[in-house]
Amino acid sequence: AYEHPAIFPEKLAQDHILSWSNEGNLVFDPLCGSGTTCKMALKNKRHYLGCDISQEYCNIAQQRIDNENAQLKLF
């Protein structure tokens, strides 16, 4: 995630996700950058949809989501 110049804090994303959605809801981030919102949606049992104009940032986001999925499968 550190390849992105403006990383959204995970705790801030999680606070908004928990405040404004329920488990199973869809969380949409139209400027997902490094994928923090998508990662935290997944971690908090929400569906997610993220997009970004930069393929590089989409690749970073996908890697973070894949890593989170691997962590969730360990438990």
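Each number in the numbering used here corresponds to the 1-based position in the sequence shown with 24 added.
All residues carry an ideal CB built from backbone N, CA and C; glycine is no exception.
Counting the other CB atoms within 10 Å of its CB gives K97 a total below 16, which places it among the exposed residues. In the DSSP annotation of this structure, the continuous segment of the beta strand (DSSP E) that includes L50 starts and ends at L50 to D53. Taking 3 residues as the shortest admissible run, the segment 31-84 contains the following complete beta strand (DSSP E) segments, listed from N- to C-terminal end: 50-53 and 71-74. For the 9 Å CB-CB criterion, L55 and N93 do not form a contact. If you draw a straight line from the Cα of I31 to the Cα of E47, it is about 24 Å long.
One alpha carbon belongs to I84, the other to G59, and they sit about 7 Å apart.
Beta-carbon to beta-carbon, F52 and L73 are separated by about 5 Å, close enough to satisfy the 8 Å threshold.
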